[in-house]
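Residue numbers (our numbering): 135 to 455. Idealized CB from N, CA, C, for every residue including glycine. Predicted model, so just to flag it, every value in this text is computed and none were measured. Report on the following structure.
Now the structure itself:
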């Protein structure tokens, strides 16, 4: 073999090795996406230049029939309506979803899926791609894998953060934002020194990553507002007995007085000084985590006297009771 031939062989071999390494490093669903693209390009390459010029491919129309919210380990049926040319491929954008069965026709796609028993909560999208052209449509946040998750996070400054998922209404729509209650403990203290509501945003990534956006308001005051709203709604029920109505009115007055006292405190200049001190000594606004071998690891951003990048390690578990 001459020199040019050896060089060409080395180049081809290098490309093949690079292709193999690149594809092996992709997540499973990314590998499936890449395989679909490769098949489209291979099919298109077989067309004549004129056929490629005249090629017309529509974009699939896709919509979810009903919300899909499942717990880890459970199975569920996903039904999608739309316009799907023959050979349309569907990809669930998560390695923790297994498609057990699927069927499709020109106007619908139906799949039985199972969520992996391990890992944490996530929201995921579904992608539909037509053959040959690979034009696609994406249904964001189509499925929520959720449940009563409990996180225990140990911070490098000696704090412990307990994160408890807050149950949402049955039949709720999948959401990329999941409500949580965070409790902060110092050292071996048994009672939390701070409670905050937070929103958890899972992202479709490998490894799985999570972002807690932490409210600046104490969770106890938020609880009072939510309780008052619920009571005001309940007292409108005409079926309530007089005794029940009086009991509700008493509790509504207690909460109203409590909230009025809190509002009055806010007019005191000393109140804002206190808030500034709290911001410096607490001021936690965000937690970033990745699941590495099933365990969360990341950092927390707090006030200037606490730290902007505090290392965190911990555990996550699904509470089944």
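Original post:
Along the chain, which unbroken stretches of the alpha helix (DSSP H) at least 4 residues long are found entirely within the segment 160-220?
Top reply: 162-179 and 183-188
Subject >> Where residue 371 sits in the DSSP three-state scheme >> reply: Stepping through the chain shown from its first residue, residue 371 is reached at position 237. Correct three-state label for residue 371: coil.
**OP:** Out of 448, 173, 165 and 290, state which residue places its alpha-carbon closest to the alpha-carbon of residue 440.
**Re:** In the chain shown, the residue the question calls residue 440 occupies position 306. Residue 290 is the option with its Cα nearest to residue 440.
**OP:** Along the beta strand (DSSP E) that carries residue 272, what are the first and last residues, could you check?
**Re:** Position 138 of the chain shown, counted from the first residue, corresponds to residue 272. From DSSP, the beta strand (DSSP E) with residue 272 extends over 270-279.
Subject >> Nearest residue (CA-CA) to residue 326, options 284, 333, 283 and 317 >> reply: Here residue 326 refers to the residue found at position 192 when the chain shown is read from its first residue. Among 284, 333, 283 and 317, the Cα nearest to that of residue 326 belongs to 317.
Subject >> Check whether residue 417 and residue 423 have beta carbons under 8 Å apart >> reply: Locating residue 417 in the chain shown gives position 283, counting from the first residue. Locating residue 423 in the chain shown gives position 289, counting from the first residue. No, they are not a contact pair.
Original post:
Would DSSP call residue 467 helix, strand or coil?
Top reply: Here the chain comprises residues numbered 135 to 455, so residue 467 is not present and cannot be evaluated.
Original post:
Quick one: is the Cβ of residue 376 within less than 7 Å of any heavy atom of the ligand ADP?
Top reply: The ligand content of the structure shown is nil, which means the ligand ADP is not present either.
Original post:
What residue range is occupied by the uninterrupted beta strand (DSSP E) comprising residue 429?
Top reply: The residue given as residue 429 occupies position 295 in the chain shown. First-last of the beta strand (DSSP E) with residue 429: 429-435.
Original post:
According to DSSP, is residue 338 helix, strand or coil?
Top reply: Position 204 of the chain shown, counting from 1, holds the residue named residue 338. Three-state DSSP puts residue 338 in coil, outside helix and strand.
Original post:
From this set, 397, 344, 328 and 254, which residue's C-alpha is nearest residue 413's C-alpha?
Top reply: Counted from its first residue, the chain shown places residue 413 at position 279. Residue 413 has its Cα closest to that of 328, out of 397, 344, 328 and 254.
**OP:** Within the segment 245-271, note down every full beta strand (DSSP E) run reaching 3 residues or more, in order along the chain.
**Re:** 256-263
**OP:** Can you grab the Cα-Cα spacing for the pair residue 364 / residue 390, in whole Å?
**Re:** Here the question's residue 364 lines up with position 230 in the chain shown. Here the question's residue 390 lines up with position 256 in the chain shown. Using only the alpha carbons, I get a separation of about 13 Å.
Subject >> Extent of the continuous beta strand (DSSP E) to which residue 450 belongs >> reply: Taking the first residue of the chain shown as 1, we reach residue 450 at position 316. Its beta strand (DSSP E) spans residues 444-452.
Original post:
When DSSP labels each residue in this structure, what does residue 390 get in the three-state scheme?
Top reply: Your numbering for residue 390 matches position 256 in the chain shown. The answer is helix: DSSP assigns residue 390 an H, G or I state.
Subject >> Rounded separation between residue 450 and residue 162 - CA only >> reply: In the chain shown, residue 450 corresponds to position 316, counting from 1. In the chain shown, residue 162 corresponds to position 28, counting from 1. Distance between the alpha carbons of residue 450 and residue 162 is about 23 Å.
Original post:
Since residue 331 sits in a beta bridge, which residues does DSSP pair it with?
Top reply: Counting from one through the chain shown, the residue named residue 331 turns up at place 197. 315, per the DSSP bridge assignment.
**OP:** Please classify residue 439: does DSSP put it in a helix, a strand, or coil?
**Re:** Here residue 439 refers to the residue found at position 305 of the chain shown. Coil at residue 439, not helix or strand.
**OP:** Evaluate contact between the segment 188-197 and the segment 167-177, counting only Cβ atoms and requiring at least three cross-stretch pairs below 8 Å.
**Re:** no
Original post:
Between the beta-carbon of residue 243 and the beta-carbon of residue 283, is there less than 8 Å?
Top reply: Taking the first residue of the chain shown as 1, we reach residue 243 at position 109. Taking the first residue of the chain shown as 1, we reach residue 283 at position 149. Going by C-beta atoms, residue 243 is not nearer than 8 Å to residue 283.
Original post:
Based on Cα-Cα distance, which residue from 184, 196, 265 and 438 lies nearest to residue 272?
Top reply: Within the chain shown, numbered from 1, the residue matching residue 272 stands at position 138. The candidate whose alpha carbon is nearest that of residue 272 is 196.
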